[in-house]
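**Student:**
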Amino acid sequence: MGVNRLESGEPCLRYGCALCCHDTKMPLTQLDINRIAKLGYSMSDFAEKVDHGWRLRNINGKCFFLNEEGRCRIYKYRPYGCRLYPLVYNRNKRETILDDICPHKNEFRVRREDVKMPMLILKFLGEIDTF
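Letter by letter, the sequence shown follows residues -3 to 127 of our numbering.
1. Kindly indicate which three-state DSSP category C59 falls into: helix, strand or coil?
2. Would you be able to state if there are at least three C-beta pairs under 8 Å between the region 83 to 102 and the region 22 to 35?
3. Should G66 go down as buried or exposed, given a rule of 16 or more other Cβ atoms within 10 Å for buried?
4. Determine the extent of the beta strand (DSSP E) in which Y85 is found, giving its start and end residues.
5. Could you have a look at A33 and say whether DSSP puts it in helix, strand or coil?
6. One question on the structure: do F61 and R53 come within less than 7 Å of each other, judged by their Cβ atoms?
7. Could you round the C-beta distance between P99 and L15 to whole angstroms and report it? I think they count as a contact, below 8 Å.
8. Is the distance from the Cβ of P75 to the Cβ of D28 below 7 Å?
9. Strictly under 7 Å for the Cβ-Cβ distance: is F104 near chain B by that measure?
10. To the nearest angstrom, how far is the alpha carbon of K58 from that of D19?
11. With H, G and I counted as helix, E and B as strand and the rest as coil, what does DSSP make of V111?
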């Protein structure tokens, strides 16, 4: 346990888990949008406008990129927030935590610099003011 680099997603792939891809509210940076658009996807298909920018679109309660087999169609190019999951920013506690809905959260090795990333992304997107 705890031996998989966060961005590897190894436990998710090993168990075929895509729980985090259901009813996602994953924010998108402009870099995410550009990277995905270069793959040939139309932004209007995969992104939806929210108060402070853009986030992944859900289709029937699932991420636009989740295929019928429960796999990400753009895994290698997935958004930064997806790469950092199960790390999420808890707005009430004002801190980065491991998401309780992730059944494999304890199998990831989280580095000090990883903990800062969700806050930095949200600050960059203007969704939080301070950390």
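Cβ coordinates follow ideal geometry from the N, Cα and C atoms, glycine included.
**Tutor:** Judging by the given coordinates:
1. strand
2. no
3. exposed
4. L83 to N86
5. helix
6. no
7. 7 Å
8. yes
9. Within the model displayed, chain B is absent; a lone protein chain is all it includes.
10. 6 Å
11. helix
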